[in-house]
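Data first, discussion second: the structure below is written as structure tokens.
Residue numbers (the numbering used here): 12 to 132.
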């Protein structure tokens, strides 16, 4: 696990109307209730590790900044076609909630569980 923030608490960025981008490190494990609610200016969420992103425990849809941004960038590239890395066994609830940039997802055979609302828009 990398160094960095492991938890974003409930309502941490609630109503932060000037927040435009969110960069998530591979160390993040959980995001609390409504952490990004009412953050209507978020335009992009940036990650480097899709495996780590799949394992984040999002409390609800408003905990995931993708619910506002819609656009996921992996290593700087906007994701339309997302390939979940081999070895990922579960995609947690709300993991890609609101991610409107995705047009296709490739799942490896290792995925045995997809959480509720994982790909809801």
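Beta carbons are placed, not taken as given, at the ideal position from N, Cα and C, and that holds for glycine. Computed from a prediction, not measured in an experiment: that's the story for all the values here.
How many Å lie between residue 103 and residue 28 at the Cα? Walking along the chain shown from the start, residue 103 turns up at place 92. Walking along the chain shown from the start, residue 28 turns up at place 17. Cα to Cα, residue 103 sits roughly 27 Å from residue 28.
Taking all protein chains shown into account, decide if residue 109 is buried (16 or more other Cβ within 10 angstroms of its Cβ) or exposed. If you number the chain shown from 1, residue 109 lands on position 98. Answer is buried; the Cβ neighbour count reaches 16.
Answer yes if the segment 121-130 comes into contact with the segment 79-92, meaning at least three C-beta pairs across the two stretches below 8 Å, and no otherwise. The segment 79-92 is not in contact with the segment 121-130.
Proximity below 8 Å, CB of residue 82 to CB of residue 112: Taking the chain shown and counting its residues from 1, the one referred to as residue 82 is at position 71. Taking the chain shown and counting its residues from 1, the one referred to as residue 112 is at position 101. Taking 8 Å as the Cβ cut-off, residue 82 and residue 112 qualify as a contacting pair.
Short Cβ contact (8 Å threshold) for residue 78 with residue 43: Along the chain shown, read from residue 1 onward, the residue named residue 78 stands at position 67. Along the chain shown, read from residue 1 onward, the residue named residue 43 stands at position 32. Their beta carbons are not under 8 Å apart, which means residue 78 does not touch residue 43 by this criterion.
Secondary structure at residue 93, three-state DSSP: helix, strand or coil? Locating residue 93 in the chain shown gives position 82, where the first residue counts as 1. Reduced to three states, the DSSP call for residue 93 is strand.
Classification of residue 76 by the beta-carbon crowding that lies within 10 angstroms, buried from 16 upward: Translated into positions along the chain shown, residue 76 becomes position 65. Of the residues assessed, residue 76 falls on the buried side of the cut-off, its CB having 16 or more other CB atoms within 10 angstroms.
Can you tell me whether residue 99 is helix, strand or coil according to DSSP? Here residue 99 refers to the residue found at position 88 of the chain shown. Taken through DSSP and simplified to helix, strand or coil, residue 99 comes out as coil.
Does the separation of the CB atoms of residue 55 and residue 84 fall below 8 Å? Your numbering for residue 55 matches position 44 in the chain shown. Your numbering for residue 84 matches position 73 in the chain shown. The answer is yes: Cβ separation under 8 Å.
Consult DSSP for residue 77 and reduce its assignment to one of helix, strand or coil. Here the question's residue 77 lines up with position 66 in the chain shown. Looking at residue 77 - three-state DSSP - the assignment turns out to be helix.
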